[in-house]
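Asker:
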Amino acid sequence: MAHASQRPPAVAGLFYPADPNSLHAQVAGFLSAALPAEHIDAPKALIAPHAGYIYSGAVAACAYAGLAQRRDLVRRVLLLCPTHRVSVRGMALPAAQSFITPLGAVPVDREAWLQARELPGVIVDDRPHAEEHAIEVQLPFLQSTLDHFAILPVAVGHADPLDVAGLLEALWGGPETLIVISSDLSHYQPYRQAQWRDKATIAQIRQLDASLSPDQACGAGAINGLLLAAQRHRLTPHVLDLRNSGDTAGDRERVVGYASIAFSEDLDRAHH
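Going by this note's numbering, the sequence shown opens with residue 10, and the numbers climb by one from there.
Below, the structure written as structure tokens:
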């Protein structure tokens, strides 16, 4: 029985290999094959998909491929996801103090956790995290690209985007803090329709338009909070990859959309 302070893997062997060597090799393969649309030096935030690796691993790798250069710099990752199995009002932090994957344990950042717990809209509840895959599938990518880091896992339910932005603002930090939003795009549309819808969603994200709906992106609540914070901090979104399951490993009748997007501080704007 796992100790209550640890959150054991829920989808190892389902969404990704349960064997550490196979998992390490698969993630390394995705990362070495990743060809992001552009190179972003030091992204402050990433949006990455969270399906099974055969479907979205290659797209997620485009978000993470550049992190290895900051391997020793990033110490804290604010990791926000939607809730797929348990309904949540607001945002849920786990009580668990670490998340386990086949590649090892990832500690929860205690200081960030204590700070976040006091914020509006935040509750502490392990239940939304217990079976949730959306944070878990990001961890092997982070474990493969960063050295010593802790996470703040946040399951975003029916939350006010202003509260989500408030949490990000409170824990914004400097280059040692990375924000990762785990989200897929459209769900179960025919291939061409999905492409059209996802392009429209991406156009909205490029405009930092924080009015995405859950049918555009399952992580809409978390993305909208990021977009509000991105407006304040003058971050620029860069689309690194945009595909769907019909491009990777599925049929084209009912596809799920995936994007990798990096948000960077626009130095030009900062000078004005």
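The beta carbon of each residue, even a glycine, is placed where N, CA and C say it ideally should be. Values in this document were obtained by computation on a predicted structure and should not be read as measured data.
1) State the DSSP-derived secondary structure class of alanine 271, mapped to helix, strand or coil.
2) Run through DSSP, which three-state label would cysteine 71 get?
3) Whether or not the stretch 257 to 264 and the stretch 70 to 89 are in contact is what I'm after, with contact meaning three or more pairs of Cβ atoms, one per stretch, closer than 8 Å; do they touch?
4) Is it buried or exposed, glycine 38, if we count other Cβ atoms within 10 angstroms and call 16 or more buried?
5) Pull up the distance between the alpha-carbon of histidine 281 and that of alanine 46, whole angstroms please.
6) With 16 as the cutoff for other CB atoms within 10 Å, does glycine 255 come out buried or exposed?
7) Please list the terminal residues of the continuous beta strand (DSSP E) segment that includes histidine 247.
8) I think threonine 210 touches glutamine 198, with their Cβ atoms under 8 Å apart; what is that distance to the nearest whole Å?
9) Determine the contact status of leucine 217 and alanine 54, defining contact as a CB-CB distance below 8 Å.
10) Have a look at Ala72, Gly130, Tyr267 and flag the residue whose alpha-carbon is nearest the alpha-carbon of valine 97.
11) Is the beta carbon of glycine 175 closer than 8 Å to that of leucine 128?
12) Sort Val20, His167, His247 by Cα distance to glycine 230 and report the nearest one.
13) Is there at least one Cβ from chain B nearer than 8 Å to arginine 241's Cβ?
14) Can you check DSSP and say which residues form a bridge with arginine 16?
Answerer: To lay it out plainly:
1) strand
2) helix
3) no
4) Exposed, since its Cβ has fewer than 16 Cβ neighbours within 10 Å.
5) Per-residue confidence for histidine 281 stands at a pLDDT of 43, beneath the threshold of 50, marking its modelled position as unreliable; the derived number appears in the next sentence. Going from the Cα of histidine 281 to the Cα of alanine 46 covers about 27 Å.
6) buried
7) 244 to 253
8) About 12 Å separates the CB atoms of threonine 210 and glutamine 198; that is not less than 8 Å, and the two are not in contact.
9) no
10) Selected option, being the one with the closest Cα: Gly130.
11) yes
12) Of Val20, His167, His247, the residue nearest in Cα terms is His167.
13) Judged by its chain identifiers, the structure shown contains no chain B, having just a single protein chain.
14) Phe108
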